[in-house]
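K.L.:
Starting off with a structure, shown below.
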Amino acid sequence: MTIHADFTHLPEPEEPPGLTAAITARIAQLDEERARGTIETPRASLASRLDQWSWVAAIAGVVIATGAETYRLIADEAALDLASIRLGTSMGGVTDLLAAEPTLAILTVGLLLYLAGMFAPVRGAN
Amino acid sequence: MSLVDPDDLDDQNGAERSPPTAAEIPEADAVRAAVVAVRNGDREAFGQLLKLYQRRLFGLSLMVVRSPEGAEEVTQDAFVRAFTRLDMYDESRPFYPWLATIAVRLAQNWLRRDTRVRTREGTPIEPERDHGPTADPVDKFIVGERDRQLWQAVAALPSGQRVAVALYYRQGMKVREVAHALGVTSGTVKTLLFRARRTLRTALKTEPGFAGHQEEDA
Numbered sequence: 001m002t003i004h005a006d007f008t009h010l011p012e013p014e015e016p017p018g019l020t021a022a023i024t025a026r027i028a029q030l031d032e033e034r035a036r037g038t039i040e041t042p043r044a045s046l047a048s049r050l051d052q053w054s055w056v057a058a059i060a061g062v063v064i065a066t067g068a069e070t071y072r073l074i075a076d077e078a079a080l081d082l083a084s085i086r087l088g089t090s091m092g093g094v095t096d097l098l099a100a101e102p103t104l105a106i107l108t109v110g111l112l113l114y115l116a117g118m119f120a121p122v123r124g125a126n
Numbered sequence: 001m002s003l004v005d006p007d008d009l010d011d012q013n014g015a016e017r018s019p020p021t022a023a024e025i026p027e028a029d030a031v032r033a034a035v036v037a038v039r040n041g042d043r044e045a046f047g048q049l050l051k052l053y054q055r056r057l058f059g060l061s062l063m064v065v066r067s068p069e070g071a072e073e074v075t076q077d078a079f080v081r082a083f084t085r086l087d088m089y090d091e092s093r094p095f096y097p098w099l100a101t102i103a104v105r106l107a108q109n110w111l112r113r114d115t116r117v118r119t120r121e122g123t124p125i126e127p128e129r130d131h132g133p134t135a136d137p138v139d140k141f142i143v144g145e146r147d148r149q150l151w152q153a154v155a156a157l158p159s160g161q162r163v164a165v166a167l168y169y170r171q172g173m174k175v176r177e178v179a180h181a182l183g184v185t186s187g188t189v190k191t192l193l194f195r196a197r198r199t200l201r202t203a204l205k206t207e208p209g210f211a212g213h214q215e216e217d218a
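Here the protein sequences line up with chains A and B, keeping their order.
Sequential numbering from 1 applies to the first sequence in my numbering.
Sequential numbering from 1 applies to the second sequence in my numbering.
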């Protein structure tokens with residue numbers, strides 16, 4: 001007698017009585033959800049949504065701040081160049097101030113968003 | 001128990017299962033019809049697959065996880081997963097190895113989870129099996145003494161060997177199908193089977209129900 005024969009003669013254990021019903025019920029439930037189009041998609045919890053918004057805010061802040069700083073450097077240089085042609089280098093401070101005003105506002109918004117994003121998960125965790 | 005050369009394993013199983021028996025042909029037809037019907041939205045047709053394979057799959061799960069509750073959970077999950085992923089089943093291949101592969105992977109997850117829980121709780125991972133015939137929960141499913149001894153010997157194997165034995169000897173799957181189910185090479189499966197046979201031979205040598213059997217094969 002071989003091991004194959006030993007296993008062939010081994011009877012299958014009986015499945016638990018409620019197995020068919022349990023599987024059928026689970027499949028029926030799945031099918032109904034699928035038919036209704038309401039298959040459970042894991043909904044983000046409030047905490048994880050807050051985290052997502054925090055990340056978005058932080059990244060947006062960094063992008064705005066970087067963009068604004070880059071723009072300021074380019075624009076100021078251009079303004080200075082233009083001013084230097086017409087007004088001379090001694091008037092550069094005036095053009096600097098004029099150019100910095102909108103940039104400063106954008107930079108502030110960016111910084112605030114960044115800080116909000118950075119501290120939000122800590123607040124959420126508490 | 002005879003020791004078969006691992007290189008002949010596929011031939012041995014292939015010879016047993018090819019060409020398909022008269023019983024296998026209608027089974028394959030029934031499975032194909034049920035799969036097509038389920039894919040066309042007939043949920044009730046899945047009942048045919050359940051009827052055909054639930055006992056076999058429960059037996060496989062029980063042999064792998066060694067817990068009736070765990071086996072029931074794995075069997076349920078395997079059928080539900082098969083239902084939800086039926087679109088991924090390739091009809092040109094036999095259905096049961098596909099289903100068994102799902103069950104084995106779920107059973108392996110179950111074992112890993114169970115091991116983690118036992119480790120955390122400080123309970124022994126390997127259940128003790130020397131507390132008499134009522135200690136093993138499988139006893140309520142296996143009645144005969146000889147069958148019980150074989151089940152217990154298989155249950156005592158390391159999980160990799162146990163799964164390989166269950167799929168190859170018990171479920172009649174080919175070595176390459178077992179390899180696919182376990183995510184290993186055919187060579188690894190042959191090694192697992194070789195070691196399992198060696199361990200089983202040693203374990204069953206001391207069992208009275210297998211004593212004559214040993215002498216016969218020696």
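Backbone N, C-alpha and C fix where the C-beta goes; we use that ideal spot for every residue, glycine too.
This structure is a prediction, so every number in the text was calculated from the model and none was measured.
Looking at the structure shown, is B/Asp51 part of a helix, part of a strand, or coil, going by DSSP?
P.N.:
First, the amino acid is wrong: residue 51 of chain B is Lys here, not Asp. Residue state, collapsed to three classes: helix.
K.L.:
The alpha helix (DSSP H) that contains B/Asp77, what's its start and end?
P.N.:
Residues 68-84.
K.L.:
Since A/Arg26 meets chain B, which of its residues come closer than 7 Å, beta carbon to beta carbon?
P.N.:
Within chain B, the residues near A/Arg26 are Gln76, Val80.
K.L.:
Return the chain-ordered list of same chain residues with a C-beta closer than 7 Å to the C-beta of B/Gln48, the five sequence neighbours on each side being excluded.
P.N.:
Counting only Cβ-Cβ distances below 7 Å, and skipping sequence neighbours, we find Ala30, Ala34.
K.L.:
Inspect the CB distances between the stretch 149-160 of chain B and the stretch 75-83 of chain B and report whether three or more fall short of 8 Å.
P.N.:
Output reads no: the stretch 75-83 of chain B does not touch the stretch 149-160 of chain B.
K.L.:
Taking C-alpha atoms, which residue in A/Met118, A/Ala28, A/Arg49, A/Leu111 lies nearest to B/Asp42?
P.N.:
Of the candidates A/Met118, A/Ala28, A/Arg49, A/Leu111, the one whose C-alpha sits nearest the C-alpha of B/Asp42 is A/Ala28.
K.L.:
Quick one: which chain B residues come within Cβ less than 9 Å of A/Ala21?
P.N.:
Here the premise fails: no neighbours, minimum Cβ distance about 10 Å.
K.L.:
Closest by CA to A/Leu113, which one among A/Ser54, A/Leu104, A/Asp6?
P.N.:
Comparing Cα-Cα distances from A/Leu113 to each of A/Ser54, A/Leu104, A/Asp6, the minimum goes to A/Ser54.
K.L.:
According to the Cβ coordinates, are B/Met219 and B/Arg162 closer than 8 Å?
P.N.:
Outside the shown range of chain B (1 to 218) lies residue 219 of chain B, about which nothing can therefore be said.
K.L.:
From B/Trp98 to B/Ala166, what does the alpha carbon distance come to, in whole angstroms?
P.N.:
Straight-line Cα distance between these residues: approximately 15 Å.
K.L.:
Straight-line CA distance for B/Thr84 to A/Thr103?
P.N.:
Each residue's alpha carbon lies about 55 Å from the other.
K.L.:
So, does the CB of B/Tyr169 fall closer than 8 Å to a CB anywhere in chain A?
P.N.:
Yes, its Cβ sits closer than 8 Å to a Cβ of chain A.
K.L.:
Assuming contact is defined by CB atoms lying nearer than 8 Å, are B/Asp147 and A/Pro11 in contact in what I supplied?
P.N.:
Contact: yes.
K.L.:
Got a sec: is the Cβ-Cβ distance from A/Ile3 to anything in chain B below 8 Å?
P.N.:
Yes, A/Ile3 lies at the interface with chain B (some Cβ there is under 8 Å from its Cβ).
K.L.:
Would you mind reading off the limits of the alpha helix (DSSP H) that contains B/Gln171?
P.N.:
Taken as a continuous stretch (DSSP letters only), B/Gln171 belongs to no alpha helix (DSSP H), as it is neither H nor E.
K.L.:
Quick one: give me the first and last residue of the alpha helix (DSSP H) that B/Tyr96 is part of.
P.N.:
Its alpha helix (DSSP H) spans residues 95-121.
K.L.:
With 8 Å as the threshold, decide whether the Cβ of B/Thr202 is near any Cβ in chain E.
P.N.:
Within the model displayed, chain E is absent; protein chains A and B are what it includes.
K.L.:
Could you spell out where the alpha helix (DSSP H) holding B/Ser186 opens and where it closes?
P.N.:
186-205 is the span of the alpha helix (DSSP H), which, as asked, contains B/Ser186.
K.L.:
Alpha carbon to alpha carbon, how far is A/Val109 from A/Ala21? Give it in angstroms, no decimals.
P.N.:
In a straight line, the C-alpha of A/Ala21 is about 60 Å away from that of A/Val109.
K.L.:
Once the 5 residues before and after B/Tyr96 are set aside, which same chain residues still bring their CB inside 7 Å of it?
P.N.:
Taken in chain order, the residues that qualify are Tyr53.
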